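Numbering (our numbering), first residue to last: 2 to 112.
Ideal Cβ placement from N, Cα and C applies to all residues, glycine included.
Note that the coordinates shown come from a computational prediction; the quantities given were computed from them, not determined experimentally.
This is the structure we're talking about:
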């Protein structure tokens with residue numbers, strides 16, 4: 002799994018560098034836009050499985066390729082944001098594990 006995370010991390014860094022160079026921007030200049038893009042993509046992902054649309058009678062909850070594509074878009078922006086927060090994918094993985102352990106403990110202790 003760590004190798005896959007390392008690959009995702011590297012691919013995102015390469016992609017971000019291409020986009021930044023092409024648009025003549027720095028990571029700092031687009032930091033806010035990355036956050037907005039992540040929120041937007043989460044909305045698009047949610048809209049692909051519209052369980053929240055209580056006003057609709059028919060709700061198709063099928064996981065489609067479009068659903069998976071929207072998830073991947075979210076992951077792109079989340080990893081990009083993570084690269085501004087963590088020094089590398091190993092540190093991100095370690096923090097994920099710490100928080101996961103904390104969450105599990107909370108569930109065991111009646112959180």
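Euclidean distance between Cα positions of residue i and residue j
i	j	result
residue 70	residue 112	34 Å
residue 29	residue 10	18 Å
residue 44	residue 98	26 Å
residue 20	residue 110	46 Å
residue 94	residue 79	13 Å
residue 41	residue 35	10 Å
residue 56	residue 68	21 Å
residue 17	residue 27	10 Å
residue 4	residue 92	14 Å
residue 88	residue 15	16 Å
Where the alpha helix (DSSP H) through residue i begins and ends
i	result
residue 96	90-109
residue 84	66-86
Proximity to residue i [Cα-Cα], best of the options
i	options	result
residue 33	58, 20, 82	82
residue 64	15, 102, 57, 50	50
residue 75	13, 5, 4	13
residue 7	68, 90, 103	90
residue 48	38, 62, 85	62
residue 39	84, 77, 108	77
Coil, strand or helix - residue i by DSSP
i	result
residue 112	coil
residue 50	coil
residue 61	coil
residue 16	helix
residue 41	helix
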